[in-house]
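> Residue numbers (my numbering), protein chains in the order written: chain C, 1029 to 1204; chain E, 126 to 473.
(1) Answer yes or no: does any C-beta atom of chain C fall closer than 8 Å to that of residue 225 of chain E?
(2) Taking its Cβ as the centre, do 16 or more other Cβ atoms sit within 10 Å of residue 250 of chain E, making it buried, or is it exposed?
(3) For the candidate residues C:1188, C:1151, C:1056, C:1196, whose alpha-carbon lies nearest to that of residue 1100 of chain C?
(4) Could you give the DSSP three-state label for residue 246 of chain E: helix, strand or coil?
(5) Comparing the C-beta of residue 1116 of chain C with each C-beta of chain B, is any distance below 8 Å?
(6) Please return the same chain residues whose Cβ sits closer than 6 Å to the Cβ of residue 100 of chain E, not counting the five positions on each side in sequence.
(7) Name the residue from C:1072, C:1089, C:1196, C:1169 whose alpha carbon lies nearest to the alpha carbon of residue 1184 of chain C.
(8) What does residue 146 of chain E reach in chain C if we use C-beta pairs closer than 7 Å?
(9) Only counting the same chain, and skipping five residues up and downstream in sequence, which positions put a Cβ closer than 7 Å to that of residue 309 of chain E?
(10) Should residue 434 of chain E be labelled buried (16 or more other beta-carbon atoms within 10 Å of its own) or exposed?
(11) Quick one: what does DSSP say residue 265 of chain E is sitting in, helix, strand or coil?
(12) In chain order, what residues of the same chain have a beta carbon less than 7 Å from the beta carbon of residue 1105 of chain C, not counting five sequence neighbours either side?
(13) Could you list which residues in chain E have their beta carbon closer than 7 Å to that of residue 1078 of chain C, in chain order?
(14) Helix or strand or just coil, what does DSSP make of residue 1158 of chain C?
(15) At the level of alpha carbons, what is the spacing between residue 103 of chain E and residue 307 of chain E?
(16) When we look at the beta-carbon of residue 455 of chain E and count the other beta-carbons within 10 Å, is it buried (16 or more) or exposed?
(17) State the beta-bridge partners of residue 1200 of chain C as determined by DSSP.
(18) Mapping DSSP to helix, strand and coil, what is residue 277 of chain E?
(19) Does the region 1139-1156 of chain C come within contact of the region 1066-1073 of chain C, defined as at least 3 CB pairs closer than 8 Å?
(20) Could you give the first and the last residue of the continuous beta strand (DSSP E) run that contains residue 297 of chain E?
(21) Between residue 178 of chain E and chain C, is the shortest Cβ-Cβ distance under 8 Å, so that the two count as touching?
(22) Output needed for residue 348 of chain E: all residues of its chain with C-beta closer than 6 Å, excluding positions within five of it in sequence on either side, in chain order.
(23) Just how far apart, CA to CA, sit residue 1084 of chain C and residue 1108 of chain C?
(24) Run through chain C and tell me which residues come within less than 8 Å of residue 455 of chain E, C-beta to C-beta.
(25) Taking Cβ-Cβ distances shorter than 7 Å, what residues in chain C pair up with residue 153 of chain E?
(26) At the 8 Å Cβ level, is residue 136 of chain E part of the contact set with chain C, yes or no?
(27) Report buried or exposed for residue 438 of chain E, applying the criterion of at least 16 other Cβ atoms within 10 angstroms of its Cβ.
(28) State the Cα-Cα distance for the pair residue 342 of chain E and residue 316 of chain E, rounded to the nearest angstrom.
(29) Could you work out which residue in E:305, E:156, E:470, E:429 is closest to residue 187 of chain E when comparing CA atoms only?
(30) Sort E:392, E:383, E:363 by Cα distance to residue 345 of chain E and report the nearest one.
(31) Relative to the alpha-carbon of residue 396 of chain E, which residue among E:305, E:266, E:336, E:282 has its alpha-carbon at the smallest distance?
(32) Measure from the alpha carbon of residue 1103 of chain C to the alpha carbon of each residue in C:1124, C:1052, C:1046, then state which is nearest.
(33) Kindly list, in the order they appear in chain C, the residues whose Cβ is closer than 8 Å to that of residue 464 of chain E.
(34) Classify residue 1115 of chain C: buried if its beta carbon has 16 or more other beta carbons within 10 angstroms, exposed otherwise.
(35) Using three-state DSSP, classify residue 169 of chain E as helix, strand or coil.
(36) How many whole angstroms separate the CB atoms of residue 1160 of chain C and residue 1188 of chain C, which I take to be in contact at a CB cut-off of 8 Å?
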């Protein structure tokens, strides 16, 4: 993880140095976008949710406590909550549309890219993709990733192993 | 994350282009910096509970100690209760009571002034004192001294009852009558016989009783005078008989009221002093000493804590169903959200 090189400010008289929001946003934007891209499996949605995540973080910035975790983990929690809200809204929308357009084939919105790895990733569930994103791409340690996901460290490790194994299997078929 | 068996896969995953596009970057940059807002730092509820619980316990303990110390102070033990009116000429039979506890070991009570009878008013003045003397010899000596004091004040001893049994504290009970004018002097001198353990005063105003008796006497005298004058005239036999009968009744009533009036005046003239001299080595005094006060403070603090505990227990009993429901609700909502999240992330 890159260190946040930013102006620090004193926090509400508690003398805990914390980075400025703009510095955190600049340094963590790609990480958050990457996480949301893997979680949603859709670039357009990931871009929307990234913007929304930072807007939420902007509003809640006062509540961020650097002594309780890194800005990246905090932003990932917000991003996850934003994505879950999106999934709920999508589900409601689909249910509503199903009522009026019964029998119409549902278009798969997962779209990560044209390559075989992207196709293999699309076969994984969002839960599996997000653990890969957090642990492999964002390089969060096990306990931090588990906290973001709201599960135990063991469950997080198991889920990651299973996801990587599935990916490896799919990719070895492609490579062969 | 570095698993050797997945090294190639991980390299490929990291190579997937996933940088945020410029449009998103611009959108985020446009947010700028949140305006700093000064507010009280919010502690997480677990930490707050960790701080608040001991603070509350300490607060209750301090309150109990303060309550114990305050309620055990000597000034709280001796009380004076005055019903106003007797000293200010209010109509009616008013009563003042002073006491009950006069602590022998507390100087301010020993020095507390004796309430004198109000001059110019008729009052029933009743005093009761319990005095500790050194030993049996002193008991006899001080009993005689008390009798002399009363006589020198113009009063008399109505009764003396002295008990001395081997192995038991001796006691002498004296009932004395002292002219009201000298009662204050008598009480002061009697208090010097030993250590005053207890003192009670009762003052009952007799003005209204006397006024009523005087009025009744006047009415009866007037009736007797009129009836006597009428009887000297010529009257029908039956009327004369009735009048003579009424006259006899009036004379009897007059003598009865006059006797009652004399009795009231006698009561008002002489005060009653009940004096108990004892050799009892004042359990009271010891109890009210330093160790006694600590004991009282501890007992009072204990009662306070027990009361606080009862309140907390009552609140727990009353609120526990609500607390259980709230906790179950929170856990239920959390479990529901977890399951929903799992479902969404498994199928989205």
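The C-beta atom is built at its ideal place from N, Cα and C for all residues, glycine as well.
Here the structure is a predicted model, which means the values were calculated and not measured.
According to the structure data:
(1) At residue 225 of chain E the pLDDT is 45, less than 50, meaning the model places this residue with poor confidence; the figure from the coordinates comes in the next sentence. No, no contact with chain C.
(2) buried
(3) C:1056
(4) coil
(5) Here the protein chains are C and E, and chain B is not one of them.
(6) Since the first and last residues shown for chain E are 126 and 473, residue 100 of chain E lies out of range.
(7) C:1169
(8) 1075
(9) 239, 241
(10) exposed
(11) helix
(12) 1176
(13) 145, 149
(14) helix
(15) In the structure as shown, chain E begins at 126 and stops at 473. Residue 103 of chain E is therefore absent and cannot be evaluated.
(16) exposed
(17) Answer by DSSP bridge pairing: none, since residue 1200 of chain C is not bridged.
(18) helix
(19) yes
(20) 296-304
(21) no
(22) 375
(23) 12 Å
(24) The premise fails here: residue 455 of chain E is roughly 15 Å from chain C at the closest Cβ pair, so nothing lies under 8 Å.
(25) 1053, 1057, 1079, 1082
(26) no
(27) exposed
(28) 41 Å
(29) E:429
(30) E:383
(31) E:305
(32) C:1052
(33) Simply none; closest approach about 12 Å.
(34) buried
(35) coil
(36) 7 Å
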